[in-house]
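Protein chains: 2
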Amino acid sequence: MSSKVCIAVHGGAGVLDQNEMDEELKKLYGEGLSLAVQKGHQILLNGGSAIDAVASAVTALEDNPLFNAGRGSVFTFEGKQEMDASLMDGSNFKAGSVAMVRNVRNPIQLARKVMDESPYVLLAGTGAEEFAKSKDLPFEPDSYFFNEKRYKQWQAVKDSGFHRLDDRAPKNLGTVGAVALDQKGNLAAGTSTGGMTNKRYGRIGDSPLIGAGTYADNQHCAVSCTGHGEFFIRVVAAYDVVAGMSYGNLTLKESTDLVVMKKLLEMGGEGGLIAIDRSGNIALPFNAEGMYRGWIDLDGVMHVAIYSNELTMNNEQ
Amino acid sequence: MSSKVCIAVHGGAGVLDQNEMDEELKKLYGEGLSLAVQKGHQILLNGGSAIDAVASAVTALEDNPLFNAGRGSVFTFEGKQEMDASLMDGSNFKAGSVAMVRNVRNPIQLARKVMDESPYVLLAGTGAEEFAKSKDLPFEPDSYFFNEKRYKQWQAVKDSGFHRLDDRAPKNLGTVGAVALDQKGNLAAGTSTGGMTNKRYGRIGDSPLIGAGTYADNQHCAVSCTGHGEFFIRVVAAYDVVAGMSYGNLTLKESTDLVVMKKLLEMGGEGGLIAIDRSGNIALPFNAEGMYRGWIDLDGVMHVAIYSNELTMNNEQ
Chain A
110 MSSKVCIAVH GGAGVLDQNE MDEELKKLYG EGLSLAVQKG HQILLNGGSA
160 IDAVASAVTA LEDNPLFNAG RGSVFTFEGK QEMDASLMDG SNFKAGSVAM
210 VRNVRNPIQL ARKVMDESPY VLLAGTGAEE FAKSKDLPFE PDSYFFNEKR
260 YKQWQAVKDS GFHRLDDRAP KNLGTVGAVA LDQKGNLAAG TSTGGMTNKR
310 YGRIGDSPLI GAGTYADNQH CAVSCTGHGE FFIRVVAAYD VVAGMSYGNL
360 TLKESTDLVV MKKLLEMGGE GGLIAIDRSG NIALPFNAEG MYRGWIDLDG
410 VMHVAIYSNE LTMNNEQ
Chain B
110 MSSKVCIAVH GGAGVLDQNE MDEELKKLYG EGLSLAVQKG HQILLNGGSA
160 IDAVASAVTA LEDNPLFNAG RGSVFTFEGK QEMDASLMDG SNFKAGSVAM
210 VRNVRNPIQL ARKVMDESPY VLLAGTGAEE FAKSKDLPFE PDSYFFNEKR
260 YKQWQAVKDS GFHRLDDRAP KNLGTVGAVA LDQKGNLAAG TSTGGMTNKR
310 YGRIGDSPLI GAGTYADNQH CAVSCTGHGE FFIRVVAAYD VVAGMSYGNL
360 TLKESTDLVV MKKLLEMGGE GGLIAIDRSG NIALPFNAEG MYRGWIDLDG
410 VMHVAIYSNE LTMNNEQ
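Residue numbers (the numbering used here), protein chains in the order written: chain A, 110 to 426; chain B, 110 to 426.
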């Protein structure tokens, strides 16, 4: 039993181009990431569980309109927010997830209820909302989720004809997530998203899918992904990191690099992931221009970064 | 390039107790499995692709009211049929899946359209139905899906109070699926289901989830699962068979046994899977009382079985 803890969060691999990013905005992103990672870390320091730390950190990111999850979710083709979230407890392989939910204030808290208080793993749509109501989870009106910037993004895309199902659809790699190691050596992971701008036809990405967007196994690692979801589903990205370690005896760095820098890259799957192993090593690889990320390592030192040229990508010790 | 082909299908691990099964019913199940496996096999013999053979075999099972998929789907809590399906082409890692679709005659054909004619992998609910309409796929009225036996099953469960979200919910492991190896050495897998009787809250199982219920990779194997979906999701069952072979150098039999007879069994996850590797080995392990299954091996010999005491479980050569 280790008394050392660590945690990492991401705010998506869909970062602004460096020339569009100004210092003030950068500061806001940094503050959002810091707040989330510190909230989770405080729980870990107090002896709380990894799953509680993950849920708390993801909730903080969902509440921040800067990130594409919860309050800051993008608009669908119909001009709505449809959110997905999942989380997994590496101590017992329990998992919960929700897809296509509307007006639920914190989808990650709903995923937690699915895990803790239902025999199911994945609930979707109005059925999942009905379950949320039965558990008295807070709902918010559309106005809570309305965001001028997201609305303009959607209008721009909608007007330019990108609402069709074709490859010209714009990339939107916005997601949030967290992974944590607690004092008892338990690992957990969670992910939440508003999905792709202007998504249509009930499209679901990797974020709510256990194995694709989220996975945790105490014996190996906890993983939360962000990126072009269809590719992450096809390579079963989050679980593949675990499989590389469990069957292939790869290190966390080797296994995450294989998935992000080789398998996904060769397929054209843009994005990244955050992962923590049972020894508290942290890996945060991405093959995009950047990935909003923050972490507090085993020594309690906090790091925040956006682009690849700001800090070394991995922080393994 | 091998000119040898093989194919396997399943009709679910939720078989009738042997004392409830009479000879006439057994014959009907056997005919349904034979028809499906022969349809797929004929495509393979004619030089068709594994993905076409899988789609054809699964379509035949969806059209048969005996199996819990397509026409024979069970009733949800609201007294509707909500169907899930997925398929994957091991030659290029392309995949398509649909969840919670109603009135679509063949969900596996819709999953195929998602794979072939959209940039998405997973579409759900009314959005997926809208996509189906845009592709002119056939829809059927509720009466097409109405089945006296399923209706009585649902009524019995509903009246006995099993509609609540608790562990007393009855097991329903009905699913159909197919895996195939074609003359070019390509592997493919597909799965389709009506889900759990009396399911509620938009519950989605493993069948439409790439990695959990379905996976195919030409270098290793193609897998279609059937069983208590929540457990198959948590162990990422279909992809885990591939991972055991790719990272762990396990044989098909070793890898499928590890997943079904150890990982799932220890967790309490009842069910089974069918798998074919690149050499044409077939494995059909299950930890339930039986699994409706049929296969045609590399020598062109057809086999059909339901219970474990009828035939050896695996047919590796």
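Just so it is clear, CB atoms sit at the ideal spot from N, CA and C, and this is done for glycine as well.
Classify residue i as buried or exposed, calling it buried when 16 or more other Cβ atoms lie within 10 Å of its own Cβ.
i	result
A/Leu134	exposed
A/Asn128	exposed
A/Ala321	buried
A/Lys222	buried
B/Val210	buried
B/Val358	The identity of residue 358 of chain B in the sequence shown is Asn, whereas the question assumes Val. Per the 10 Å Cβ criterion, exposed.
A/Phe176	buried
A/Ala265	exposed
A/Val410	exposed
B/Glu375	exposed
A/His412	buried
B/Pro250	exposed
B/Asp198	buried
B/Ser301	buried
A/Ser364	buried
A/Gln190	buried
B/Phe254	buried
A/Ser252	exposed
Against residue i, what residues of chain A qualify as contacts under a CB-to-CB distance less than 7 Å, listed in chain order?
i	result
B/Leu232	Tyr310, Gly311 and Arg312
Between the C-alpha atoms of residue i and residue j, what's the straight-line distance to the nearest angstrom?
i	j	result
A/Lys372	B/Glu339	27 Å
B/Gly283	B/Gly336	7 Å
B/Met354	B/Phe395	19 Å
A/Arg312	B/Gly236	8 Å
A/Val368	A/Val350	7 Å
B/Phe341	A/Ser206	14 Å
A/Phe248	B/Val118	44 Å
A/Asp406	B/Thr323	37 Å
B/Lys113	B/Asp131	36 Å
B/Ser182	B/Asp193	10 Å
B/Ile116	B/Gln151	10 Å
B/Ser195	B/Ile383	15 Å
B/Cys334	A/Asn307	33 Å
A/Val332	B/Arg343	14 Å
B/Ser200	A/Ala347	22 Å
B/Tyr416	B/Gly121	12 Å
B/Asn173	B/Leu232	24 Å
B/Gly304	B/Ala289	23 Å
B/His329	B/Ala204	16 Å
For residue i, return the contacting residues in chain B, with the cut-off set at a CB-CB distance below 7 Å.
i	result
A/Met209	Ala233 and Gly234
A/Ala321	Gly320
A/Met459	Chain A is shown from 110 up to 426; residue 459 of chain A falls before or after that span and cannot be answered.
I want to verify the contact list: residues of chain A whose CB lies under 9 Å from the CB of residue i, in sequence order.
i	result
B/Phe184	Under the 9 Å cutoff, chain A gives no residues; its nearest Cβ is about 15 Å from B/Phe184.
B/Phe248	Result: empty, since nearest Cβ-Cβ is about 16 Å, beyond 9 Å.
B/Glu239	Arg309, Tyr310 and Gly311
B/Met376	Phe202
Kindly list, in the order they appear in chain B, the residues whose Cβ is closer than 8 Å to that of residue i.
i	result
A/Leu196	Chain B residues near A/Leu196: none, gap ~12 Å exceeds 8 Å.
A/Ala331	Within chain B, no residue comes near A/Ala331; the closest Cβ sits about 14 Å away, beyond 8 Å.
Identify the contact partners of residue i in chain B, using a Cβ-Cβ distance below 9 Å as the criterion.
i	result
A/Ala352	Val345, Tyr348, Asp349, Val351, Ala352, Gly353, Ser355, Tyr356 and Gly357
Kindly list, in the order they appear in chain A, the residues whose Cβ is closer than 8 Å to that of residue i.
i	result
B/Ile342	Ala204, Val230, Leu231, Ile319 and Gly320
I'd like to know if residue i contacts chain E, where contact means its C-beta is closer than 9 Å to some C-beta of that chain.
i	result
B/Tyr401	Reference to chain E is not applicable here, since the protein chains of this structure are A and B.
Are the region 235 to 242 of chain A and the region 206 to 217 of chain A in contact at 8 Å, needing three or more beta carbon pairs? yes
Is the region 291 to 307 of chain B touching the region 313 to 327 of chain A in the sense that three or more CB pairs, one from each, lie closer than 8 Å? no
Would you mind listing the beta strand (DSSP E) stretches within the region 345 to 416 of chain A that are 3+ residues and don't spill past its ends, in chain order? 380 to 386, 399 to 405 and 411 to 416
Identify every run of the beta strand (DSSP E) within the region 190 to 216 of chain A, keeping only runs that are complete inside it and at least 3 residues long; order them along the chain. 192 to 198 and 203 to 210
Only counting runs of 4 or more residues, tell me where the alpha helix (DSSP H) segments fall wholly within the region 213 to 241 of chain B, in order along the chain. 216 to 226
Determine contact between the region 260 to 268 of chain B and the region 154 to 170 of chain B, defined as no fewer than three beta-carbon pairs at a distance below 8 Å. no
Taking contact to mean 3 or more Cβ pairs, one atom from each stretch, closer than 8 Å, check whether the region 396 to 410 of chain A and the region 142 to 151 of chain B are in contact. no
Does the contact criterion of 3 or more C-beta pairs under 8 Å hold for the region 179 to 192 of chain A versus the region 144 to 162 of chain A? no
Could you give the uninterrupted runs of the alpha helix (DSSP H) lying entirely in the region 298 to 343 of chain A, keeping only those of 4 residues or more? 338 to 343
Alpha helix (DSSP H) segments (min. 4 residues) lying fully within the region 148 to 194 of chain B: 159 to 171
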